[in-house]
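All remarks here apply to the structure that follows.
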Amino acid sequence: MSDTTPQPAEDQEPDNLPAAPGTVPDPVQIGVRHGMFGANDGQDTSGYGGLVVPILFPAAAVRPYGSYFDEIADRLETALVGGDASFGEAVERVVVDRGELTLFVRREHLLAVCRALRDDPALRFELCLGVGGVNYPDDAGAELHAAYNFMSITHGGRRVRVEVTAPDSDRHIPSIVAIYPANDWHEREAWDMFGIIFDGHPALTRILMPDDWPGHPQRKDYPLGGIPVEYKGGTVPPPDQRRSYS
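Counting from 14, one number per residue, gives the positions in the sequence shown under the working numbering.
Right, here's the structure in full:
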């Protein structure tokens, strides 16, 4: 008995593939990084001091996203219906890059999106794997980024990233500890290292640095060594003063 299943024409692509190359806009350049190690005043013998690298952000993706990403976007859009904000109001843009789905969410709608990701049966992202901070000094009005990684055990390990931004002039992002309690110490670390203030956190105190430590060490404007802190009478000099090349 012959197989009568209809086959796509040779010049017709299946409709379940990711968007073809070229349909996604080029990345957006937000700045330029000079050098590699941050020490520009010393005698650099590595050659990395002359390195010039553009700082690029992936552009918003276009449909179809591919994989299970379209299903997540569609279901989240449905789950937000009737709430305080629609999908278009809550999600600034969708990025698909290096096989990952990232939803850039406006901070005022972060809690609604997180509840939908956790509670909707078709989404069911039970785990928040933590939040990490990033500092982009050249991203005017969005210098601080908080990136959350979620995973669904119910749906076979599906993953989605949620990214939220805040300006340096207003470093506040809602805490999601009431929704994902295990995020407690992750938010404390992001506050300690980057200075992101998670509103509603039960005890937003430092977790790595002493309570009276000035500044937030993983921000790009934080000195790379040479900090005025003594350890048993010794000081830490800046990197370009630690070794002299002659």
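Just so you know, even glycine gets a beta-carbon here, dropped at the ideal spot from N, CA and C.
Inset, instruction - Consult DSSP for Val-126 and reduce its assignment to one of helix, strand or coil. - result: helix
Inset, instruction - Take Gly-44 and list the residues in its own chain whose beta-carbon comes closer than 6 Å to its own, dropping the five residues that flank it on each side. - result: Answer for Gly-44: Ile-68, Asp-151, listed in chain order.
Legend entry - Minimum C-alpha distance to Asp-97 - residue among Glu-121, Phe-82, Thr-218: Glu-121
Legend entry - Under 9 Å between C-beta atoms of Arg-219 and Asp-205: yes
Inset, instruction - Report yes if the CB atom of Leu-124 is closer than 9 Å to the CB atom of Ala-195, and no otherwise. - result: no
Inset, instruction - Quick one: residues in its chain with C-beta nearer than 8 Å to the C-beta of Arg-174, no 5 flanking neighbours on either side, listed in chain order? - result: Glu-113, Leu-114, Thr-115, Leu-116, Ala-160, Tyr-161, Asn-162, Phe-163
Legend entry - Cα-Cα separation between Arg-201 and Pro-77, rounded to whole angstroms: 37 Å
Inset, instruction - Alpha carbon to alpha carbon, how far is Pro-180 from Gly-154? Give it in angstroms, no decimals. - result: Our two residues, Gly-154 and Pro-180, have alpha carbons roughly 5 Å apart in a direct line.
Legend entry - Terminal residues of the alpha helix (DSSP H) in which Ile-85 lies: Its alpha helix (DSSP H) spans residues 82-92.
Legend entry - Residue span of the alpha helix (DSSP H) that contains Glu-200, given as start and end: For Glu-200, the uninterrupted alpha helix (DSSP H) segment begins and ends at 197-207.
Inset, instruction - Identify, in the order they occur along the chain, each residue of the same chain with its Cβ nearer than 7 Å to the Cβ of Val-190, setting aside the five sequence neighbours on each side. - result: Asn-196, Asp-197, Glu-200, His-214, Pro-215
Legend entry - Minimum length 4: unbroken alpha helix (DSSP H) runs contained in the segment 104-174: 123-132, all fully within the segment 104-174.
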